[in-house]
Amino acid sequence: MIKLHNTIRIGIVGLSIETMLSSPGVIGMDSLQEYGAKDFRQGEVWMVRGILARLDAEPDALAVPLYWVTALPGGPMTTKAYRAVKTKTLQLIEEQGPFEGILVVNHGALEVEGLDQDADTDFVLAIRQLVGESVPIGVALDLHGDMTPELLNATTVLSILRTAPHRDDKETGYRAADQLLEVLKTGIQPKKAAVRIPILLPGEIAVTTAEPAKALYNSLSSYSTKEGVLEANILTGFAWNDRPWTSATAIVVSKRSAELARAMVLDLAGRIWAERKEFRLQMETAEVNEGLARAANCSEKPVFVSDSGDNTTAGAAGDLTFVLQAALDLKQNGEIVIAGITAPTTVQRLLDAGIGNSIEIELGLEHVSRHKTRRKVTALVEAGGKELHLLGFQPYRSKESAWARVRIGKIIATFHAQAIGITTPNHFSAMGISPTAHKIYVVKLGYLHPQLEDISARHILLLSDGTSQLDMTRLSWARLARPIHPLDQNMTWNPHEGLYGDKA
Ligand SMILES: [Zn+2]
């Protein structure tokens with residue numbers, strides 16, 4: 001499309017990383033996946049693709065891709081890496097500006113070493129300070145992020161994912177761009193209201209395909225279509241981080257009226273709070289041995305089994321071999337695929353041994369997030385390489401790193417030099433494993449990501465130990481704002497206590 005001269009230039013930036021404070025290791029420079037201006041249109045980039053679709057369809061608007069950074073979830077981001085990304089982002093906005101508007105694609109659960117502030121807040125505040133109060137900023141977030149009064153204040157409009165497992169990143173980016181264009185074209189000054197809701201909601205108990213999250217998220221479009229409202233959204237929050245800002249949040253942005261935004265958000269928050277006891281694991285769950293046995297004895301195929309305590313897409317390290325060791329003792333006939341174990345030294349030894357050769361390895365010697373084990377097994381190296389090449393953009397993409405596929409008795413296992421999120425059939429195919437032909441597949445996830453959900457005949461979530469384990473009452477808390485459900489049973493609360501935002 002040929003753009004007119006009176007073009008509305010909109011800069012696109014973002015730092016979208018989910019971090020788990022208790023996870024060992026850090027997200028440093030070498031974990032980052034950086035997208036420069038020319039990369040934004042290569043493949044289907046998370047949320048950015050929706051932003052581009054909306055801006056490209058607007059005759060007067062020009063999308064100006066600047067810089068977007070992501071990484072596989074992990075421990076906190078290093079100060080050095082964060083400063084580098086923030087500095088480059090601000091520099092690009094300054095050099096290529098002025099812009100009529102800015103769109104920011106973040107996650108909402110970013111934590112940085114030594115930064116005693118929510119890092120998404122720090123990032124957006126820095127952009128706000130640079131561009132001034134008059135330039136609208138639209139922010140797109142994952143629903144597993146947190147909100148703060150400062151972040152809300154620095155933002156003009158917000159769009160947040162409405163599905164978990166996530167299937168609507170494109171729509172979310174589209175909505176963020178659409179709202180920003182409405183602000184720019186009409187000159188409205190949106191009013192925002194939010195309620196911090198004291199609930200810990202790990203993603204697995206708030207999947208939007210099951211109640212009560214399903215009805216709550218479905219109701220958002222009806223708030224958003226009410227006269228005078230731009231959007232209503234819900235953040236479930238990132239429940240594992242022991243931070244004062246960890247909680248669920250309801251947010252409503254109206255076109256003009258602070259009173260309307262407040263009334264709507266109090267209503268929405270009240271409805272979420274009323275359902276608090278209904279949020280629970282509703283998928284099939286089992287302790288490790290029981291779940292593996294159930295998978296082996298059922299008639300469906302393929303069965304996907306998730307090692308939820310070591311969920312790399314929530315930030316866990318992927319280092320634990322407890323499920324693999326349990327599977328070795330399982331009495332059954334079929335083959336079990338166990339994919340995505342982080343073990344850099346083991347990978348190197350296996351690659352050194354060479355394909356077609358067997359060596360002895362010790363399972364659990366590279367555990368970092370839980371106690372080590374030393375179980376010796378003989379592993380036949382079947383495949384491997386210095387990099388694992390995956391086609392196209394993958395949400396939760398991992399850096400390409402060395403990997404090896406081995407056979408240990410009836411188990412086909414894959415080890416990786418860096419943590420990896422096995423989220424698509426393509427991950428298996430890339431390692432020479434059929435994603436559907438085997439009976440059981442064990443992955444380091446909580447809920448199944450969409451492309452695996454679509455091919456699985458059955459899913460069993462293992463209540464395994466690890467930094468992403470799902471029993472919140474077993475974690476230790478020091479800085480979390482209390483009281484909070486479900487740690488503080490029988491607490492009373494009403495939405496007015498958590499209300500913040502524009503006063504008028
Ligand atoms: Zn998420």
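Residue numbers (the numbering used here): 1 to 504. Note that beta-carbon positions come from the ideal geometry of N, C-alpha and C, so glycine has one too.
Local conformation of residue i per DSSP, three classes
i       : result
Thr-246 : coil
Pro-33  : The amino acid occupying residue 33 in the given sequence is Gln; Pro does not appear at that position. Of the three classes helix, strand and coil, the one that applies to Gln-33 here is strand, per DSSP.
Glu-360 : strand
Lys-439 : coil
His-485 : strand
Leu-115 : coil
Ala-213 : helix
Ala-239 : coil
Arg-256 : coil
Lys-86  : helix
Lys-376 : strand
Gly-340 : strand
Ile-205 : helix
Leu-62  : strand
Ser-11  : The residue asked about is misnamed: residue 11 is Gly in this sequence, not Ser. Gly-11 falls in the strand class under three-state DSSP.
Ile-93  : helix
Ile-127 : helix
Gly-101 : strand
Ile-422 : coil
Ile-355 : coil
Ile-188 : coil
Paired residues, beta bridge with residue i - DSSP
i       : result
Asn-233 : Ile-251
Tyr-500 : Ala-194
Arg-458 : Val-303
Ser-16  : Thr-70
Ile-160 : Leu-141
Trp-403 : Gly-385 and His-416
Glu-77  : Note that residue 77 is Met in the sequence shown here, rather than Glu. Met-77 is bridged to Ile-27 and Val-112.
Thr-285 : Leu-461
Ile-411 : Ile-336 and Ile-408
Cβ-heavy atom distance, residue i to ligand 1, below 7 Å
i       : result
Asp-146 : no
His-449 : no
Asp-120 : no
Leu-180 : no
His-485 : no
Asp-242 : no
Ala-164 : yes
Leu-130 : no
Asp-142 : yes
Gly-203 : yes
8 Å CB neighbourhood of residue i in its chain, flanking five on each side removed
i       : result
Ala-154 : Thr-121, Val-124, Leu-125, Ile-127, Arg-128 and Ile-137
Val-381 : Leu-350, Leu-351, Ala-353, Gly-354, Ile-355, Gly-356, Asn-357, Ser-358, Ile-359, Ala-404, Arg-405 and Val-406
Thr-78  : Val-26, Ile-27, Gly-28, Met-29, Val-112 and Glu-113
Ile-412 : Glu-335, Ile-336, Val-337, Ile-338, Glu-382, Arg-405, Val-406, Ile-433 and His-438
Ser-257 : Lys-191 and Gly-228
Gly-270 : Asn-494 and Pro-495
Lys-80  : Gly-28 and Met-29
Pro-76  : Thr-19, Leu-21, Val-26, Ile-27, Glu-111, Val-112 and Glu-113
Cβ shell of residue i (< 6 Å), same chain only, five flanking positions each side left out
i       : result
Thr-249 : Met-147, Ala-194, Arg-196 and Leu-235
Tyr-447 : Pro-165, Glu-204 and Val-207
Arg-262 : Ala-193
Pro-65  : Ile-12, Ala-37 and Phe-40
Thr-89  : Val-13 and Tyr-67
Phe-415 : Ile-341, Ala-343, Thr-346, Val-347 and Ala-404
Pro-202 : Ala-239 and Leu-470
7 Å Cβ shell around residue i - same chain, five flanking residues per side excluded
i       : result
Lys-376 : Glu-360 and Glu-362
Ala-71  : Ile-17, Ile-27, Ser-31, Leu-32 and Gln-33
Lys-86  : Phe-123 and Ala-126
Ser-398 : Leu-72, Gln-418, Ala-419, Ile-420 and Gly-421
Tyr-82  : Val-112 and Ala-119
Asp-242 : Leu-21, Trp-477, Ala-478, Arg-479 and Leu-480
Lys-214 : Thr-208
Near ligand 3: residue i beta-carbon under 7 Å from a heavy atom
i       : result
Arg-374 : For the structure depicted, ligand 3 is absent and the ligand set comprises only ligand 1.
Are the region 460-479 and the region 19-26 touching, with three or more C-beta to C-beta distances below 8 Å?
-> yes
Below 8 Å, can you find three or more Cβ-Cβ pairs linking the region 339-347 to the region 419-432?
-> yes
Would you be able to state if there are at least three C-beta pairs under 8 Å between the region 480-496 and the region 318-335?
-> no
Are at least three pairs of beta-carbons, each pair with one atom in the region 279-294 and one in the region 251-269, less than 8 Å apart?
-> no
Check whether the region 429-446 touches the region 299-315, counting contact only when three or more Cβ pairs, one atom from each stretch, lie closer than 8 Å.
-> yes
Report yes or no: do three or more beta-carbon pairs, one from the region 156-171 and one from the region 444-459, lie closer than 8 Å?
-> yes
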